[in-house]
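*Asks:*
There are 2 protein chains.
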Amino acid sequence: MKNKIKVVAFDADDTLWVNEPYFQETERRFCALLEDFLPPHSVSQELLKTETDNLRLYGYGIKGFTLCMLETAYRVSDGTAHPRLTDDVIRLGRELLLKPVELLEGAEEVLDALQGEYRLVLATKGDLLDQERKLKQSGLEGYFHHVEVMSGKEAADYQKLLKRLDCVPDKFMMVGNSVKSDVLPVLELQGYAAHVPFHTTWAHEQHEHTPEHPNLVRLNAIQEIVPYLIR
Amino acid sequence: MKNKIKVVAFDADDTLWVNEPYFQETERRFCALLEDFLPPHSVSQELLKTETDNLRLYGYGIKGFTLCMLETAYRVSDGTAHPRLTDDVIRLGRELLLKPVELLEGAEEVLDALQGEYRLVLATKGDLLDQERKLKQSGLEGYFHHVEVMSGKEAADYQKLLKRLDCVPDKFMMVGNSVKSDVLPVLELQGYAAHVPFHTTWAHEQHEHTPEHPNLVRLNAIQEIVPYLIR
């Protein structure tokens with residue numbers, strides 16, 4: 151495998167740096183704001199419903215998430231919450247946009263080991279400006295030959311990315327924590343995928359089982375990709 | 151000039167299709183929602199202030215604009231508005247995201263005349279998913295060799311775009327309605343720019359005067375670019 155692959159693309163959120171725990175912390179605080187109306191667990195369910203319903207309209211990222219919290223708050227409180235709640239929720243979103251970037255263990259070490267040997271790409275969903283901010287703050291920008299913020303990560307989106315990179319699928323490997331977004335669509339195109347589980351996954355990204363596939367590498371930690379790709 | 155240029159990039163909003171009038175219509179409806187608190191003109195000023203303050207955090211696009219309307223509503227009403235206002239404003243934002251794409255006169259004719267002669271690029275700010283939606287709906291997708299949704303349009307952003315396109319500035323022309331975003335930064339890099347005025351411009355994009363510059367082409371209508379580029 152390692153003789154074929156030329157391009158190694160990395161997911162960013164929860165693969166190179168912390169993301170989902172920040173969203174979950176925000177969600178907990180959001181649920182607490184509505185505890186007079188509904189128990190936290192039920193508010194969470196309502197929020198996920200709003201997010202799922204709006205995904206095609208808002209896409210991924212913090213601004214859409216904030217709008218979903220606001221819509222959920224209105225629905226859950228049946229329009230009876232204090233107007234200050236809107237302000238509180240907007241502030242939760244702003245704080246999420248200002249979170250420091252915390253690199254995951256081994257992320258930089260891996261990029262450092264692979265640079266020069268492979269064309270390294272960052273391929274992530276989310277708000278364009280926010281992902282650019284995080285990349286800049288991460289200090290990892292210099293490792294990447296190409297950065298792509300994608301509106302989705304389905305097979306057709308990867309096809310577009312490969313076209314941009316002028317790369318055929320069997321010279322491409324995607325490394326990421328989401329089976330649904332980083333693994334399955336790439337395998338579908340006959341590319342290679344390396345799955346690095348993260349301890350927590352957004353409900354929308356959860357996927358029942360990891361498939362068996364000759365092009366799939368299962369890692370326990372991101373550092374394990376190095377011996378696969380470099381002798 | 152026409153012998154040198156290889157890549158012609160087009161701005162999208164208010165260059166190829168209608169955008170600002172939709173925002174202005176939404177803003178009028180937003181101001182009307184707050185008329186019990188402040189006259190429309192003052193609400194507009196407050197909204198522009200919010201947008202300007204948040205630009206670095208939210209970037210461009212409808213989701214950030216909606217969050218700015220919500221923040222402004224809270225401030226203008228001093229937290230005394232009915233909670234339904236939040237719901238009304240979120241709905242205004244959703245409607246803006248669902249507006250049909252209305253091509254500007256001559257847009258497709260120009261792309262059709264230039265295709266095959268030049269590499270055509272779409273270079274636009276805004277929400278990633280929303281611009282992709284508009285491009286798809288516009289029917290213009292097939293004309294473009296490359297589509298770039300940018301988080302900003304300053305000289306450094308164009309430099310990145312040129313690098314992606316593997317194009318030097320003096321083989322590049324940008325066509326757009328904003329002197330600030332489509333003309334000045336490109337001239338700064340010694341590229342070419344064609345300015346097509348649109349009848350209305352967002353306050354944030356307004357620029358006092360169009361410069362005199364040998365690399366600048368002033369058009370009254372987008373169709374006038376064709377004789378410049380093709381004999």
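Chains as they are written, first to last, in our numbering: chain G, 151 to 381; chain F, 151 to 381.
Using N, Cα and C, we set each Cβ at its ideal position, and we do this for glycine too.
Just so you know, these numbers come straight off a predicted model, no measurement behind them.
#1: Does Pro250/G pass the burial test, meaning 16 or more other C-beta atoms within 10 Å, or should it be called exposed?
#2: Does the Cβ-Cβ distance between Leu290/F and Leu261/F come in under 8 Å?
#3: Would you mind telling me which residues of chain G sit closer than 7 Å to Ile240/F, beta carbon to beta carbon, in chain order?
#4: What ranges does the alpha helix (DSSP H) occupy inside the segment 209-296 of chain F, keeping only unbroken runs of at least 4 residues that lie completely in it?
#5: Would you verify that the beta carbon of Ala273/G is, or is not, closer than 8 Å to some beta carbon of chain F?
#6: When Cβ atoms are compared, which residues of the segment 180-209 of chain F fall closer than 9 Å to chain G?
#7: Is Pro361/F buried or exposed, if buried means 16 or more other CB atoms sit within 10 Å of its CB?
#8: Which of the three DSSP states is assigned to Phe180/F in this structure?
#9: Return helix, strand or coil for His345/F, following the three-state DSSP convention.
#10: Within the chosen definition, does the segment 330-346 of chain G reach the segment 220-228 of chain G through at least 3 CB pairs nearer than 8 Å?
#11: If you draw a straight line from the alpha carbon of Arg381/F to that of Tyr268/F, how long is it in whole angstroms?
#12: For Asp186/G, which of helix, strand or coil comes out of DSSP?
#13: Go to Val336/G, then tell me how far its alpha helix (DSSP H) extends in each direction, as first and last residue.
#14: Is it the case that the Cβ atoms of Asp164/F and Glu170/F are separated by a distance below 8 Å?
#15: Beta-carbon separation of Val299/G and Ile375/G under 8 Å?
#16: Taking Thr230/G as the query, report the chain F residues whose CB atoms sit under 9 Å from its CB, ordered along the chain.
#17: I'd like to confirm the pairing. Which residues does DSSP put opposite Leu366/F in its beta bridges?
#18: With Val157/F and Phe294/F assumed to form a contact (beta carbons below 8 Å), what rounded beta-carbon distance in angstroms separates them?
#19: Taking Cβ-Cβ distances shorter than 9 Å, what residues in chain F pair up with Val226/G?
#20: Output yes if chain F places a C-beta closer than 8 Å to the C-beta of Val299/G; else output no.
#21: Exposed or buried, Ala231/F, counting other C-beta atoms within 10 Å across all chains shown (16 or more means buried)?
#22: Could you say if the segment 184-193 of chain F and the segment 171-189 of chain G meet the contact criterion of at least three C-beta pairs nearer than 8 Å?
#23: Tell me the rounded alpha-carbon separation between Asp307/F and Gln281/F.
*Replies:* Walking through what the data contain:
#1: Residue 250/G sits at position 100 when you count from the first residue of the first sequence. Flag for Pro250/G reads exposed.
#2: On the second sequence, position 140 is the one that residue 290/F refers to. On the second sequence, position 111 is the one that residue 261/F refers to. A contact, by the Cβ cut-off of 8 Å.
#3: Within the second sequence, residue 240/F is the residue found at index 90, counting from 1. The contacting residues are Leu217, Leu220, Glu221.
#4: 212-226, 234-247, 257-264, 278-288
#5: The residue given as residue 273/G occupies position 123 in the first sequence. It does not; no Cβ of chain F falls within 8 Å.
#6: Asn204, Arg206, Leu207, Tyr208, Gly209
#7: Position 211 of the second sequence holds residue 361/F. Exposed, by the Cβ-count rule.
#8: In the second sequence, counting from the first residue as 1, residue 180/F sits at position 30. Residue state, collapsed to three classes: helix.
#9: Working through the second sequence from its first residue, we reach residue 345/F at position 195. In the structure shown, His345/F sits in a strand (DSSP, three-state: E or B).
#10: no
#11: Numbered from 1 along the second sequence, position 231 holds the residue referred to as residue 381/F. Numbered from 1 along the second sequence, position 118 holds the residue referred to as residue 268/F. In a straight line, the C-alpha of Arg381/F is about 13 Å away from that of Tyr268/F.
#12: Here residue 186/G corresponds to residue number 36 of the first sequence, with the count starting at 1. Here Asp186/G sits in coil by DSSP.
#13: For the purposes of this step, residue 336/G is taken as residue 186 along the first sequence, with counting starting at 1. Run containing Val336/G: 334-338, per the alpha helix (DSSP H) assignment.
#14: Along the second sequence, one-based indexing puts residue 164/F at 14. Along the second sequence, one-based indexing puts residue 170/F at 20. Yes, Cβ-Cβ distance for Asp164/F and Glu170/F is below 8 Å.
#15: Along the first sequence, read from residue 1 onward, the residue named residue 299/G stands at position 149. Along the first sequence, read from residue 1 onward, the residue named residue 375/G stands at position 225. No; because the gap between Cβ atoms is not below 8 Å, this pair is not in contact.
#16: Numbered from its first residue, the first sequence carries residue 230/G at position 80. Ordered by position in chain F, the residues that pass the 9 Å Cβ test against Thr230/G are Pro233.
#17: Walking along the second sequence from the start, residue 366/F turns up at place 216. Note: Leu366/F sits in a beta bridge opposite Ala343/F.
#18: As a position in the second sequence, residue 157/F is number 7, starting the count at 1. As a position in the second sequence, residue 294/F is number 144, starting the count at 1. The pair is not a contact, with the Cβ atoms about 11 Å apart (cut-off 8 Å).
#19: Counting from 1 along the first sequence, the entry for residue 226/G is found at position 76. Per Cβ cutoff of 9 Å: no residues; Val226/G is ~11 Å from chain F at best.
#20: Start at 1 with the first residue of the first sequence, and residue 299/G comes out as number 149. Chain F, which has a Cβ nearer than 8 Å to the Cβ of Val299/G, makes this yes.
#21: On the second sequence, position 81 is the one that residue 231/F refers to. Buried is the call here.
#22: no
#23: One-based indexing of the second sequence puts residue 307/F at position 157. One-based indexing of the second sequence puts residue 281/F at position 131. Cα to Cα, Asp307/F sits roughly 18 Å from Gln281/F.
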